[in-house]
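Engineer: If you read the sequence shown in the numbering used here, its first letter stands for residue 4, the second for the next number, and so on.
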Amino acid sequence: MVEINDGRHFKNPFQDYTAGDQLKVENTSIPNKIVELLNVLNSNFEKLSSSDVSMYTGLSGVGLFYNFLSQCKCELLDRKIRENGVACADKLLNRCLRHIELKKLSRNISVYTSPIGPLCLGALSSVKHGSENTEAKKFVEEILSASKYGIDVDSGMPDEALYGRTGYLNCLVTLRENNFDIPISVVSSITDAILKSGQKTAGAYKSNGFYDRLMYQSSKRDLRMPPLMFEWHDKCYLGAAHGFAGILTTLLKVYRLFPGSISSHSLNQLILPTVDWMSQLQLNSGNWPSSLGDSLNRDVLVHWCHGATGVIPLMLSAHKFTSQDNYLKPRSIG
């Protein structure tokens, strides 16, 4: 177990995982804890600010939770809790729609931090009336029309999840998983832009020697550059929020959910080789560094944005595609 005392981490009271051990949880403990936290949220419901309507840190994210809660099949959760979830989701959606600024879509189409988030909540909340509901269709049409802002590789829009194209794809994936019809042409226009951007960045990193400089002081210095490279704010992040893990995991989901949106050539020659490169960046502790450069030698971040928490879902997805066990085993080089 790695000990880090920098004021940013909670102390982990649990022992390291041992193969064969099972985590035992009483049937009632988790629902009871959910109800306990729900009471806190409900007591502060009216205090929620309308200044932020995003999925990531704002009202539509809370609304998404209530929407999910309303559809929860857990028998240990009272029916009234689910009914309250419907009512709360609708209230938050209405507040979001009063404050949404669609003009911001020209700069950001991520479901997490742009108006796409409230629109996605609107579509999902309307599912209770059927996905053919007129209101649901209006929300989806508005979402689909925003794809035009993500197709220009030179627009300056990032590829990552939190503020970029991958965040838009995550919205389309969610809608498809909830039985909405999403045109393949819209999906492929965004995946094409991401793949072209990744190849363009890789070409630039190779020609100017930037990749070699980023890797030079690391034990991974001999690891060849992958066919796709991505950056956010001039930095090569590896995690789920801003980096490779989030982008690649989403591309694998898209390949599965939208047949024809990504070619088998792109999967086998661009995406999976980049996933393999990611797997080889794993640290001896089992964690992943947050980015290339100096951070390759640092082992401090383990949350979803940066670190293994965001990378492991990518490794599991890659294993499902390839059946290669190397994605399930710790590996390091050097």
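Beta carbons are placed, not taken as given, at the ideal position from N, Cα and C, and that holds for glycine.
Per DSSP, which residues does residue 166 bridge with? Please list them.
Structural biologist: Answer is none; residue 166 lacks a bridge partner.
Engineer: What's the C-alpha gap between residue 225 and residue 218?
Structural biologist: Roughly 8 Å between the two C-alpha positions.
Engineer: Taking 8 Å as the cut-off, decide whether the C-beta atoms of residue 167 and residue 113 are in contact.
Structural biologist: yes
Engineer: Short of 6 Å in beta carbon distance, which residues of its chain neighbour residue 142, apart from the five on each side in sequence? Order them along the chain.
Structural biologist: 122, 125 and 126
Engineer: Work out the CA separation of residue 82 and residue 76 for me, nearest whole Å.
Structural biologist: A straight line joining the alpha-carbon of residue 76 with that of residue 82 spans about 10 Å.
Engineer: Of all the options 282, 86 and 303, which has the alpha carbon lying nearest to the alpha carbon of residue 2?
Structural biologist: An answer regarding residue 2 cannot be provided, because it is not within the stretch 4 to 337 covered by the chain.
Engineer: Under the DSSP definition of a beta bridge, which residues are partnered with residue 240?
Structural biologist: DSSP lists 294 as partners of residue 240.
Engineer: Within the continuous alpha helix (DSSP H) that includes residue 259, where are the two ends?
Structural biologist: DSSP places residue 259 inside the alpha helix (DSSP H), whose first and last residues are 247 to 260.
Engineer: Below 8 Å, how does it come out for the region 238 to 247 and the region 319 to 326: are there three or more Cβ pairs, yes or no?
Structural biologist: no
Engineer: Looking at the secondary structure, which residues open and close the alpha helix (DSSP H) in which residue 126 lies?
Structural biologist: 119 to 129
Engineer: Which of helix, strand or coil does DSSP assign to residue 307?
Structural biologist: coil
Engineer: Using only CA atoms, which one of 236, 204, 91 and 17 lies nearest to residue 49?
Structural biologist: 91
Engineer: For residue 153, which residues from the same chain have a beta carbon less than 7 Å from its beta carbon, with the 5 sequence-adjacent residues on both sides left out?
Structural biologist: 112, 160, 168, 171, 193 and 196
Engineer: Tell me whether the beta-carbon of residue 317 lies closer than 8 Å to the beta-carbon of residue 248.
Structural biologist: Cβ distance < 8 Å, so residue 317 and residue 248 count as in contact.
Engineer: Assign residue 61 to buried or exposed, taking buried as 16 or more other Cβ atoms, counted over all protein chains shown, within 10 Å of its Cβ.
Structural biologist: buried
Engineer: Can you check which of these residues, 119, 103, 42 and 296, is closest to residue 213 by C-alpha distance?
Structural biologist: 296
Engineer: Taking only the alpha-carbon atoms, compute the straight-line gap between residue 250 and residue 117 and give it to the nearest angstrom.
Structural biologist: One alpha carbon belongs to residue 250, the other to residue 117, and they sit about 17 Å apart.
Engineer: Does DSSP classify residue 134 as helix, strand or coil?
Structural biologist: Since pLDDT at residue 134 reaches only 49, below the 50 mark, its modelled position is unreliable, and the value read off the structure follows with that caveat. Residue 134: coil per DSSP, three-state reduction.
Engineer: Give the list of continuous alpha helix (DSSP H) stretches no shorter than 4 residues that lie fully inside the region 31 to 94.
Structural biologist: With a minimum length of 4 residues, the continuous alpha helix (DSSP H) runs that stay inside the region 31 to 94 are 32 to 46 and 62 to 73.
Engineer: Between residue 13 and residue 21, what straight-line distance do the alpha-carbon atoms span, to the nearest angstrom?
Structural biologist: 21 Å
Engineer: Is the beta carbon of residue 178 closer than 8 Å to that of residue 128?
Structural biologist: Cβ atoms of residue 128 and residue 178: not closer than 8 Å.
Engineer: Give me the Cα-Cα distance between residue 15 and residue 305, rounded to the nearest whole angstrom.
Structural biologist: 12 Å
Engineer: Measure how close the beta-carbons of residue 73 and residue 56 come, nearest whole angstrom, since I'm counting them as under 8 Å.
Structural biologist: Rounded, the Cβ-Cβ distance is 20 Å, inconsistent with contact.
Engineer: Go to residue 185, then tell me how far its alpha helix (DSSP H) extends in each direction, as first and last residue.
Structural biologist: Careful: residue 185 lies outside any alpha helix (DSSP H) and carries neither H nor E.
Engineer: Can you check DSSP and say which residues form a bridge with residue 235?
Structural biologist: 238
Engineer: Note down the Cα distance separating residue 134 from residue 274, rounded to an integer number of angstroms.
Structural biologist: Since pLDDT at residue 134 reaches only 49, below the 50 mark, its modelled position is unreliable, and no value is offered.
Engineer: Which two residues bound the contiguous alpha helix (DSSP H) that contains residue 214?
Structural biologist: 213 to 218
Engineer: What's the C-alpha gap between residue 68 and residue 44?
Structural biologist: 11 Å
Engineer: Taking its Cβ as the centre, do 16 or more other Cβ atoms sit within 10 Å of residue 336, making it buried, or is it exposed?
Structural biologist: Residue confidence is low: residue 336 scores 39 on pLDDT, short of 50, so the model does not pin down where it sits. No coordinate-derived value is stated.
Engineer: Would residue 66 be called buried (16 or more neighbouring beta carbons within 10 Å of its own) or exposed?
Structural biologist: buried
Engineer: Is the beta carbon of residue 147 sitting closer than 8 Å to the one on residue 176?
Structural biologist: no
Engineer: When the Cα atoms are used, what is the spatial distance from residue 155 to residue 162?
Structural biologist: 11 Å
Engineer: Could you tell me which of 106, 120 and 84 sits nearest to residue 58, measuring between CA atoms?
Structural biologist: Per the Cα distances, 120.
Engineer: Looking at the secondary structure, which residues open and close the alpha helix (DSSP H) in which residue 278 lies?
Structural biologist: 275 to 282
Engineer: Run through DSSP, which three-state label would residue 230 get?
Structural biologist: coil
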